[in-house]
Amino acid sequence: MSKAIQQIEDDLGVKLIHRTTRKLSVTAEGEAFYHRARLVLSEVNDMMASFSPTLPPRGRLRIDVPLALAHAILIPNLKHFQSLYPDIDVILVSSDKKTDLISEGVDCLVRLGELQDSSFISRRLGDIRMVTCAAPSYLQQYGRPETLADLDQHRAINFFSDHSRDVMEWKFTKDGKIVSLRPVGSMLVDNSDILLSCGLAGLGIIQATFNALAPHIASGALEEILTQYPSVSKPVSVLYPDRHYLSPKVRVFIDWFSEVLTMQNR
1 MSKAIQQIED DLGVKLIHRT TRKLSVTAEG EAFYHRARLV LSEVNDMMAS
51 FSPTLPPRGR LRIDVPLALA HAILIPNLKH FQSLYPDIDV ILVSSDKKTD
101 LISEGVDCLV RLGELQDSSF ISRRLGDIRM VTCAAPSYLQ QYGRPETLAD
151 LDQHRAINFF SDHSRDVMEW KFTKDGKIVS LRPVGSMLVD NSDILLSCGL
201 AGLGIIQATF NALAPHIASG ALEEILTQYP SVSKPVSVLY PDRHYLSPKV
251 RVFIDWFSEV LTMQNR
């Protein structure tokens, strides 16, 4: 092994490992080379699998999913995916931050809401219901809004999207038309977990996915408001880098997650 590493170092002209008489340590170049090599090997394995259709999908699947979808939909159903594809090792990256699909070695991105212009391939998987809620303590202190215009007199917790670099609009249906607005905000957050915590603490009104808020609505910790103006559902999409080559592990995940979303909306 040491001779093989030495040969690579000679070919590259850089040190991959610091060697002393007592220990070995990886250099910055060595760490970068290791991560790139892992990506290359993963792509080779995917390519081999695509030409061997009789083999089940296998390998590491790195997916990036927004927190709201990961908590309420993906994780509760992930055991089923693992039972179907035991040879796929899932690496779940979950945040509400913008992700560089290529440099971070992500196989596919799941996104909530309208997509920004992208050089990647996208596929719409379905829609997810949105609801507008507030904690009983908030409603007791500030009252219950009865119309969309009433929101101007209330405190909203707004969400800043790192993907669009903008404050997310709240969308309602009124008289068969979509009404988009940005309520007066008492707070601005960039994390859906924090958004939920603010709502539960009675800091303001929130609009979020029904799946994320449903347990808290059922327990009475949140109350749905403005039900006469239904919140507009948001699209759920997946992005991946290559139209012509989609590895089997990514393909089966996309198909499976699309079915999960369909079941959630029934």
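Residue numbers (full-length UniProt numbering): 1 to 266.
From the three backbone atoms N, C-alpha and C, an ideal C-beta is built for every residue, glycine too.
All values reported here derive from a predicted model rather than from experimental measurement.
Secondary structure of residue i, DSSP reduced to three states
i, result
"A221", "coil"
"R144", "coil"
"I254", "helix"
"S95", "coil"
"Q264", "helix"
"P248", "helix"
"Q228", "coil"
"S233", "coil"
"I102", "coil"
"D10", "helix"
"S119", "coil"
"L74", "helix"
"S134", "It should be noted that the sequence gives Ala, not Ser, for residue 134. In the structure shown, A134 sits in a strand (DSSP, three-state: E or B)."
"L213", "helix"
"L203", "coil"
"L112", "strand"
"L125", "strand"
"L69", "helix"
Residue j beta carbon less than 8 angstroms from that of residue i
i, j, result
"R62", "I88", "no"
"N211", "Q264", "yes"
"L125", "V232", "no"
"A221", "L196", "no"
"I205", "R155", "yes"
"P56", "Y85", "yes"
"Q207", "M130", "yes"
"D64", "V106", "yes"
"P235", "E114", "yes"
"I73", "V250", "no"
"I157", "V189", "yes"
"S186", "L203", "yes"
"D242", "I128", "no"
Straight-line Cα distance separating residue j from residue i
i, j, result
"Y240", "D166", "23 angstroms"
"S219", "E31", "48 angstroms"
"I91", "W170", "32 angstroms"
"Q7", "I194", "50 angstroms"
"L151", "V184", "7 angstroms"
"V252", "R111", "18 angstroms"
"residue 328", "A28", "With the chain covering only 1 through 266, there is no way to say anything about residue 328."
"residue 269", "D96", "In the structure as shown, the chain starts at 1 and stops at 266, and residue 269 therefore has no counterpart that could be examined."
"E9", "F257", "43 angstroms"
"L69", "G143", "30 angstroms"
"L148", "H71", "29 angstroms"
"S137", "H80", "38 angstroms"
"D175", "S192", "29 angstroms"
"I254", "M168", "26 angstroms"
"I75", "P248", "21 angstroms"
"H18", "E104", "26 angstroms"
"V14", "S25", "14 angstroms"
"T209", "R266", "15 angstroms"
"F160", "K98", "12 angstroms"
"C133", "Q153", "16 angstroms"
"L78", "I178", "34 angstroms"
"V93", "L246", "20 angstroms"
Distance cut-off 7 angstroms: residue i Cβ against heavy atoms of the ligand MN
i, result
"S219", "What this structure holds is no ligand at all, so the ligand MN is not there to describe."
| said: List, from N- to C-terminal side, the alpha helix (DSSP H) runs of 4 residues or more that fit wholly inside the segment 139–200. | reply: 192–200
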